[in-house]
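These notes concern the structure reproduced below.
Residue numbers (the numbering used here): 386 to 591.
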């Protein structure tokens, strides 16, 4: 590995343990989902350890919100992948709309509603109510991904005009539940796809 080159911002360091491995195999969607989640947790723990909550609130919430958006888009991807296999087996109902359209959206409520309707195609299980409530609360505060990034939105209005207080530790605890619940759905979809693909492969060989 080359040593850092003067003037280059993104260059390797001599010590391997402080190098971030990026791109290629290191840049799948889970690297982004887990990366934004972990960054928010680390910042939240800094607040608990005494760092100023007012300053760190915005990057904490931006990271958490973006993590939710990426989580939901990962579910859209997995749902689409499973659906394609089931279509080949002639065992699939129609999805609510084309998944590719949802990948371009930033609205959490739109992504959530699509995911919930699409999951009904495969299972009778429903999204956990507390998880759903937390996602909708994030959407209410930041419907278009601007409020936690900019103090002034594109239309010129203040992103968060009303003063309030937010407990960071409670936020961390609720987001832990959200993160692991969405991870669980993702893993279930991947398992269903693997099973269905196995059936399809067996039929192809017979």
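Glycine included, every Cβ here is placed at the ideal spot set by N, Cα and C.
Residue i versus residue j - alpha carbon distance
| i | j | result |
| --- | --- | --- |
| residue 447 | residue 424 | 10 Å |
| residue 516 | residue 563 | 5 Å |
| residue 578 | residue 487 | 20 Å |
| residue 571 | residue 403 | 30 Å |
| residue 394 | residue 484 | 37 Å |
| residue 551 | residue 435 | 16 Å |
| residue 427 | residue 490 | 28 Å |
| residue 546 | residue 444 | 18 Å |
| residue 555 | residue 565 | 16 Å |
| residue 510 | residue 569 | 12 Å |
Coarse secondary structure for residue i, derived from DSSP in three states
| i | result |
| --- | --- |
| residue 387 | Only weak support exists for where residue 387 lies, its pLDDT of 49 falling under 50; the coordinates are left without a value. |
| residue 582 | helix |
| residue 537 | strand |
| residue 543 | strand |
| residue 406 | coil |
| residue 555 | helix |
| residue 513 | coil |
| residue 502 | helix |
| residue 528 | coil |
| residue 397 | coil |
| residue 481 | coil |
| residue 412 | coil |
| residue 435 | coil |
Nonlocal neighbours in the same chain, by C-beta distance under 7 Å from residue i, ignoring five residues either side
| i | result |
| --- | --- |
| residue 527 | 450, 533 |
| residue 544 | 531, 532, 535, 536, 537, 538 |
| residue 512 | 501 |
| residue 466 | 578 |
| residue 576 | none |
Residue i, buried or exposed, once every other Cβ within 10 Å from all chains shown has been counted against 16
| i | result |
| --- | --- |
| residue 415 | exposed |
| residue 503 | buried |
| residue 454 | buried |
| residue 386 | Residue confidence for residue 386 is low, a pLDDT of 41 falling below 50, so the modelled location carries little weight; the figure read from the coordinates is stated next. The residue in question, residue 386, is exposed, as its Cβ has fewer than 16 Cβ neighbours within 10 Å. |
| residue 588 | exposed |
| residue 514 | exposed |
| residue 421 | buried |
| residue 440 | exposed |
| residue 410 | exposed |
| residue 581 | buried |
Cβ pair residue i, residue j closer than 8 Å
| i | j | result |
| --- | --- | --- |
| residue 567 | residue 468 | no |
| residue 500 | residue 461 | yes |
| residue 506 | residue 452 | no |
| residue 557 | residue 429 | yes |
| residue 523 | residue 474 | no |
| residue 458 | residue 496 | yes |
| residue 464 | residue 574 | yes |
| residue 553 | residue 438 | yes |
Neighbourhood of residue i by C-beta distance below 8 Å, restricted to the same chain and skipping five residues each side
| i | result |
| --- | --- |
| residue 519 | 559, 560, 562, 563 |
| residue 477 | 468, 471, 506 |
Any non-hydrogen atom of the ligand ZN within 7 Å of residue i CB
| i | result |
| --- | --- |
| residue 427 | Among the components modelled here there is no ligand, and therefore nothing to report on the ligand ZN. |
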